[in-house]
Amino acid sequence: MAQQKKLHVKKGDQVRVIAGKSKGLEGKIIQVFPDDEKVIVEGVNRVKKHTKVQQAQRGGTTGGIVTQEAPIHVSNVALLVEVEKDGKKQKVTTRVGYNRVEVQKRRPDGSTYTGFRSVRIARKTGEEI
Numbered sequence: 001m002a003q004q005k006k007l008h009v010k011k012g013d014q015v016r017v018i019a020g021k022s023k024g025l026e027g028k029i030i031q032v033f034p035d036d037e038k039v040i041v042e043g044v045n046r047v048k049k050h051t052k053v054q055q056a057q058r059g060g061t062t063g064g065i066v067t068q069e070a071p072i073h074v075s076n077v078a079l080l081v082e083v084e085k086d087g088k089k090q091k092v093t094t095r096v097g098y099n100r101v102e103v104q105k106r107r108p109d110g111s112t113y114t115g116f117r118s119v120r121i122a123r124k125t126g127e128e129i
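In structure tokens form, the structure reads like this:
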């Protein structure tokens with residue numbers, strides 16, 4: 001059994017496609033498949049899927065040609081962050097790093113203690129994502 005790989009992006013992240021037929025397009029991650037190392041990005045890698053006509057409940061029929069997003073490999077996307085440049089906000093791609101931050105944690109009995117939590121940071125800006 002192969003170990004599940006930790007991906008540099010999560011569901012809801014804004015990304016830009018950096019390789020493939022959809023190169024340059026931007027979108028939000030809809031779904032993540034860590035086992036296959038693939039992600040589905042909104043509006044990217046759209047394919048036509050032919051679905052069989054089936055009798056739906058209450059006499060309706062479904063089927064025909066449906067356009068939907070197909071998964072792309074996680075290595076083909078880069079995380080987008082907003083950077084202020086010359087007084088204007090721009091979206092730029094960045095790599096992802098991890099930092100250990102000290103936080104206050106609470107036990108079930110109400111007492112608190114200090115612990116560590118891993119947070120994602122943007123390599124270009126150093127800010128927490």
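With the UniProt record's numbering, the residue at position 7 of the sequence shown is 7, and numbering never jumps.
Glycine included, C-beta positions come from ideal geometry on N, C-alpha and C.
Asked: Residue range of the unbroken beta strand (DSSP E) whose run includes ILE29; Found: 26-33
Asked: Through-space distance from LYS52 to GLY126, alpha-carbon basis; Found: 50 Å
Asked: Same chain only: Cβ atoms within 7 Å of ASP35, ignoring 5 sequence neighbours per side; Found: GLN4
Asked: Buried or exposed (CB count within 10 angstroms, at least 16 for buried), ILE65; Found: exposed
Asked: Residues bridged to GLY64 (per DSSP); Found: THR51
Asked: For SER111, the three-state DSSP class (helix, strand or coil); Found: coil
Asked: Short Cβ contact (8 Å threshold) for ALA78 with VAL119; Found: no
Asked: Alpha carbon of ILE30 to alpha carbon of ALA122, nearest angstrom; Found: 21 Å
Asked: Contacts around ILE72, its chain only, beta-carbon distance under 6 Å, and the 5 residues preceding and following it disregarded; Found: ASN45
Asked: Cβ neighbour criterion (16 or more within 10 Å) applied to SER22; Found: buried
Asked: GLY63 versus VAL74, LYS89, ALA70 and HIS50, residue with shortest Cα-Cα distance; Found: HIS50
Asked: VAL74, buried or exposed, once every other Cβ within 10 Å from all chains shown has been counted against 16; Found: buried
Asked: 6 Å Cβ shell around TYR113 - same chain, five flanking residues per side excluded; Found: LYS105
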